[in-house]
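Student: Shown below is the structure under consideration.
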Amino acid sequence: MEQELLVFISVVDHKNFSRAAEELHMTQPAISRYIKSLEKKLNTRLLDRNNKMVQLTKSGEIAYYHAKEILGLHEQMQQLIDDLHNTASGKLKIGASYTFGEYILPHVIAKLRKQYPLITPSITIGNTREIVELVQNRQLDIGIIEGEITDEHLHMEKFAPDDMVIVTSSETEELSTHDQLEEAPWIVREEGSGTREATEKMFKAFGLSPVRKMEFGSNQIIKEAVEAGLGITFLSTWAIRKELALGTVQVLNIEGVPVKRSFTFVTQKTQYQAKSISVFVNLLRDFNKMKISSI
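See below:
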């Protein structure tokens, strides 16, 4: 059934039989046979087809979710067996929320590749909620997040501190009073982001209820907007190192800031863990010993 599930996932991801056939180097009739065989085994229709695209039925949604998990477990099983006889190697699917993923993770990956050249990492960047969901569905081996999420089925471990600060354009006049901060235009991340969560906690702690808020989907866009004088924001010091060095932004000197939070890694709760995951986890646990001041 493994091949049938692989074909099914490809068809769903591409929403098209012919594009799935191209990806898998198969003929379109062969793709159709695999889908029909899977539907027959499950005794249900998985896809609604028309001339332009395919869509999941309700049964198909259930099958797609579990097909991803089944193939992920199969890949993990094979990796664990290989690990018994070899050094750390193979694919390592890493997810990270934006702050860690964009500004820190490349340096950690460079260290990983230097020590374990047979490990091939792939990177997915998303907000905290998205990364946790991908780990839950076994589409990622490990996730690194900034937000506070609890899940009894996942192992979560804080491994490094992070400082959050209020950032303005270098040309913006100093803001220090409660009224000035409340009346200022704020640029914030989207719901589900760890940075947005930290921002809302800061607003509550400071008793702020800003009326003017703009919501942007990435730290990079927010920094560009702040540099252009569109408003102020609340970001990790990791995210603004280059801008501070260039003098295009400034950090407000306000009592109670910086606000402390932590980076957390997320994995499946399991007795067995692939060597590639274990060595990466150990790198994260040694994060504070790394010298990455060149960021």
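Taking UniProt numbering, the leading residue of the sequence shown gets 1, the next gets one more, and so forth. All residues carry an ideal CB built from backbone N, CA and C; glycine is no exception.
(1) Could you spell out where the beta strand (DSSP E) holding residue 202 opens and where it closes?
(2) I believe residue 145 touches residue 131 by the beta-carbon criterion, under 8 angstroms. Please report the beta-carbon distance rounded to the nearest angstrom.
(3) Smallest Cα separation from residue 88: which of 63, 49, 117, 53?
(4) Spell out the partners DSSP gives residue 47 in its beta bridges.
(5) Quick check: what's the CA-CA separation for residue 107 versus residue 226?
(6) CB residue 140 to CB residue 194, shorter than 8 angstroms?
(7) Any idea what DSSP makes of residue 178, helix, strand or coil?
(8) Quick check on residue 114: buried or exposed, where buried means 16 or more other Cβ atoms within 10 Å of its Cβ?
(9) Cutting at 7 angstroms between CB atoms, please list the residues of its own chain near residue 248, excluding the five before and the five after it.
(10) Shorter than 8 angstroms from the beta carbon of residue 264 to some beta carbon of chain D?
(11) By a C-beta neighbour count over all protein chains shown, 10 Å radius and 16 as the cutoff for buried, is residue 147 buried or exposed?
(12) Excluding five sequence neighbours on each side, which residues of the same chain lie with their C-beta closer than 7 angstroms to the C-beta of residue 294?
(13) For residue 245, I'd like the list of residues in its chain whose CB is within less than 8 angstroms of its CB, leaving aside the five on either flank, ordered along the chain.
(14) Where DSSP assigns a beta bridge to residue 168, which residues make up the other side?
(15) As an exercise, report each continuous beta strand (DSSP E) stretch of at least 3 residues that is fully enclosed by the segment 211 to 275, in chain order.
(16) Considering Cα atoms alone, identify which of 264, 288, 34 is closest to residue 150.
(17) Return the chain-ordered list of same chain residues with a C-beta closer than 8 angstroms to the C-beta of residue 111, the five sequence neighbours on each side being excluded.
(18) What residue range is occupied by the uninterrupted beta strand (DSSP E) comprising residue 143?
(19) Express the C-alpha separation of residue 99 and residue 49 in angstroms, rounding to a whole number.
(20) Using 8 angstroms as the threshold, is the C-beta distance between residue 175 and residue 235 below it?
(21) Assuming contact is defined by CB atoms lying nearer than 8 angstroms, are residue 12 and residue 31 in contact in what I supplied?
(22) Terminal residues of the continuous beta strand (DSSP E) containing residue 126?
(23) Can you tell which of 221, 57, 65, 207 has its C-alpha closest to the C-alpha of residue 6?
(24) From residue 39 to residue 136, what does the alpha carbon distance come to, in whole angstroms?
(25) Using a 10 Å radius around the Cβ and a threshold of 16 neighbouring Cβ atoms, would you call residue 242 buried or exposed?
(26) Taking the alpha-carbon of residue 281 as reference, which of 61, 18, 143 has the nearest alpha-carbon?
(27) Under the three-state reduction of DSSP, which class applies to residue 184: helix, strand or coil?
(28) Contact check, residue 223 vs residue 240 under 8 angstroms by CB: the rounded distance?
Tutor: Taking the geometry as given:
(1) Position 202 of the sequence shown, counting from 1, holds the residue named residue 202. Per DSSP, residue 202 is not a residue of any beta strand (DSSP E); the alpha helix (DSSP H) it occupies stretches across 194 to 206.
(2) Here residue 145 is taken as the residue at index 145 of the sequence shown, counted from 1. Here residue 131 is taken as the residue at index 131 of the sequence shown, counted from 1. Between the beta-carbon of residue 145 and that of residue 131 there is about 5 angstroms, and that keeps the pair under the 8 angstroms contact cut.
(3) As a working note, residue 88 is residue 88 in the sequence shown. Of the candidates 63, 49, 117, 53, the one whose C-alpha sits nearest the C-alpha of residue 88 is 117.
(4) Position 47 of the sequence shown, counted from the first residue, corresponds to residue 47. Secondary-structure assignment with DSSP links residue 47 through a beta bridge to 56.
(5) The count along the sequence shown starts at 1 and reaches residue 107 at position 107. The count along the sequence shown starts at 1 and reaches residue 226 at position 226. Approximately 26 angstroms, taken between the alpha carbons.
(6) As a working mapping, residue 140 is identified with position 140 in the sequence shown. As a working mapping, residue 194 is identified with position 194 in the sequence shown. Contact: no.
(7) As a working mapping, residue 178 is identified with position 178 in the sequence shown. Helix, per DSSP.
(8) As a first step, residue 114 is located in the sequence shown; it is residue number 114 there, counting from the start. Label assigned to residue 114: exposed.
(9) Here residue 248 corresponds to residue number 248 of the sequence shown, with the count starting at 1. The beta carbon of residue 248 is closer than 7 angstroms to those of 170, 227 in its chain, skipping five residues each way along the sequence.
(10) Absent here is chain D; the protein component of the structure consists of one chain.
(11) As a working mapping, residue 147 is identified with position 147 in the sequence shown. With 16 or more other Cβ atoms inside 10 Å of its own Cβ, residue 147 counts as buried.
(12) Here residue 294 is taken as the residue at index 294 of the sequence shown, counted from 1. Below a pLDDT of 50, predicted positions are generally treated as unreliable, and residue 294, at 44, falls in that range; the measurement from the model is reported next regardless. No residues qualify anywhere along the chain.
(13) Translated into the one-based positions of the sequence shown, residue 245 becomes position 245. Within the same chain, residue 245 has no close Cβ partners at all.
(14) As a first step, residue 168 is located in the sequence shown; it is residue number 168 there, counting from the start. Among the bridge pairs identified by DSSP, residue 168 is matched with 250.
(15) The qualifying runs are 213 to 215, 233 to 236, 249 to 251, 259 to 268.
(16) Position 150 of the sequence shown, counting from 1, holds the residue named residue 150. Out of 264, 288, 34, the CA that lies nearest to the CA of residue 150 is found in 264.
(17) The residue given as residue 111 occupies position 111 in the sequence shown. Closer than 8 angstroms at the Cβ level, and outside the excluded window around residue 111, lie 283, 290.
(18) Stepping through the sequence shown from its first residue, residue 143 is reached at position 143. Start and end: 142 to 145.
(19) As a working note, residue 49 is residue 49 in the sequence shown. As a working note, residue 99 is residue 99 in the sequence shown. One C-alpha to the other measures close to 40 angstroms.
(20) By one-based count along the sequence shown, residue 175 stands at place 175. By one-based count along the sequence shown, residue 235 stands at place 235. Their beta carbons are not under 8 angstroms apart, which means residue 175 does not touch residue 235 by this criterion.
(21) For the purposes of this step, residue 12 is identified with residue 12 of the sequence shown, where counting begins at 1. For the purposes of this step, residue 31 is identified with residue 31 of the sequence shown, where counting begins at 1. Cβ distance not < 8 angstroms, so residue 12 and residue 31 don't count as in contact.
(22) Sequence index remark: in the sequence shown, residue 126 carries index 126 (1-based). First-last for residue 126: undefined, no H or E at that position.
(23) In the sequence shown, the residue the question calls residue 6 occupies position 6. Taking residue 6 as reference, the option from 221, 57, 65, 207 with the minimal CA-CA separation is 65.
(24) Along the sequence shown, one-based indexing puts residue 39 at 39. Along the sequence shown, one-based indexing puts residue 136 at 136. Cα to Cα, residue 39 sits roughly 26 angstroms from residue 136.
(25) Indexing the sequence shown from 1 puts residue 242 at position 242. By the 16-neighbour rule on beta-carbons within 10 angstroms, residue 242 is exposed.
(26) Here residue 281 refers to the residue found at position 281 when the sequence shown is read from its first residue. Among 61, 18, 143, the Cα nearest to that of residue 281 is on 143.
(27) On the sequence shown, residue 184 is found 184 positions in, with the first residue counted as 1. Note: residue 184 maps to coil in three-state DSSP.
(28) Working through the sequence shown from its first residue, we reach residue 223 at position 223. Working through the sequence shown from its first residue, we reach residue 240 at position 240. Here residue 223 really is in contact with residue 240; their C-beta atoms are around 7 angstroms apart, less than 8 angstroms.
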